[in-house]
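The structure appears right after this line, and notes come after that.
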Amino acid sequence: KSVEPVPEGQESDLAGVHIAAALDGSVYASTTYNKTIKVAGKDIPETGGMVSSLIVKYDKKGDEQWGVALVGAATVTAMTADIDGTLYAAGTFMDEVTLTGADGGTRSIANDGSTYSAFVLKVAPDGKISGAKTLTSAVNEWVASQVGDPWGEGFDSPLYMAFGPIDITPV
2 KSVEPVPEGQ ESDLAGVHIA AALDGSVYAS TTYNKTIKVA GKDIPETGGM VSSLIVKYDK
62 KGDEQWGVAL VGAATVTAMT ADIDGTLYAA GTFMDEVTLT GADGGTRSIA NDGSTYSAFV
122 LKVAPDGKIS GAKTLTSAVN EWVASQVGDP WGEGFDSPLY MAFGPIDITP V
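Counting in our numbering, the sequence shown runs from 2 upward without gaps.
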């Protein structure tokens, strides 16, 4: 099966292409899209030309089952499915994103628009969105204050540029 999520010539808009498989043989695929598209015979919500994200479920025969839309500046960066076929998707977003499940139900996630935030999305095997959480970063005041010119090059650089990347490891 294939989906053409962006018009020809706009392939650089494609991102968030990930695949997850469930034990029953179902396959979930994500991509970005910015045009009118149908999945399993249903219209996926319009993006107004904005590059948004789409998750499609295929059964073990390869038939489209449903589509879930993330309309707004959102990109899926990882997906997995648990033993019963519940899908978990994570990614980044900015501003406000409208999540539309296969049942037509919607919910929104939002941040203050000043930075990218992360989301975790839980989708039931039937395509209904059963949970959504957001994670928004906060600036550490000490880190923000560590701007300087450590090598005397004539410009200020923030701590992460001057001393290497700052990594965050979940525990």
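We put the beta carbon where it would ideally sit given N, CA and C, even for glycine.
Fill in: Cα-Cα separation, L88 to K36
Going from the Cα of L88 to the Cα of K36 covers about 24 Å.
Practice prompt. Identify which residue in L136, A103, I130 has its Cα closest to the Cα of T116.
Written response: L136
Worksheet item: Apart from the five residues on each side of it in sequence, which residues of its chain come closer than 6 Å, Cβ to Cβ, to G26?
Response: K61
Worksheet item: So, do the stretch 47-56 and the stretch 100-115 have three or more beta carbon pairs nearer to each other than 8 Å?
Response: no
Worksheet item: Do you know offhand how far M80's Cα is from E97's?
Response: 21 Å
Practice prompt. Starting from the C-beta of G128, find all residues in its chain whose C-beta is less than 8 Å away, skip the five residues before and the five after it, and write them out in chain order.
Written response: Only residues of its own chain outside the window of five on either side were considered, and among them K58, Q66, W67, G68, V69, G102, A103, D104 have a CB closer than 8 Å to the CB of G128, listed in chain order.
Worksheet item: Out of curiosity, what's the CA-to-CA distance linking T78 and T93?
Response: 7 Å
Discussion item. Taking the beta carbon of L55 as the centre, do at least 16 other beta carbons fall within 10 Å, making it buried, or is it exposed?
Written reply: buried
Discussion item. Tell me the residue span of the beta strand (DSSP E) that contains V72.
Written reply: 65-82
Practice prompt. Grab me the residues of K43's own chain with a C-beta within less than 8 Å of its C-beta, minus the 5 sequence neighbours each way, in chain order.
Written response: W67, G68, A103
Worksheet item: Looking at the structure shown, is E97 part of a helix, part of a strand, or coil, going by DSSP?
Response: strand
Worksheet entry | DSSP-derived helix/strand/coil call for L160 | Here the model assigns L160 a pLDDT of 46, short of 50, so the residue's position is not dependable, and the following value carries that caveat. The answer is helix: DSSP assigns L160 an H, G or I state.
Worksheet item: Which full runs of the beta strand (DSSP E) of 3+ residues lie inside the stretch 35-61, going along the chain?
Response: 53-59
Fill in: Burial state of V18, where buried means 16 or more other Cβ atoms lie within 10 Å
exposed
Discussion item. Give me the residue from L100, A23, L15 with the minimum Cα distance to G86.
Written reply: A23
Discussion item. Alpha carbons only, please: which of V121, P126, I38 is nearest the one belonging to A1?
Written reply: As shown, the chain starts at 2 and ends at 172. That puts residue 1 outside it, with no answer to give.
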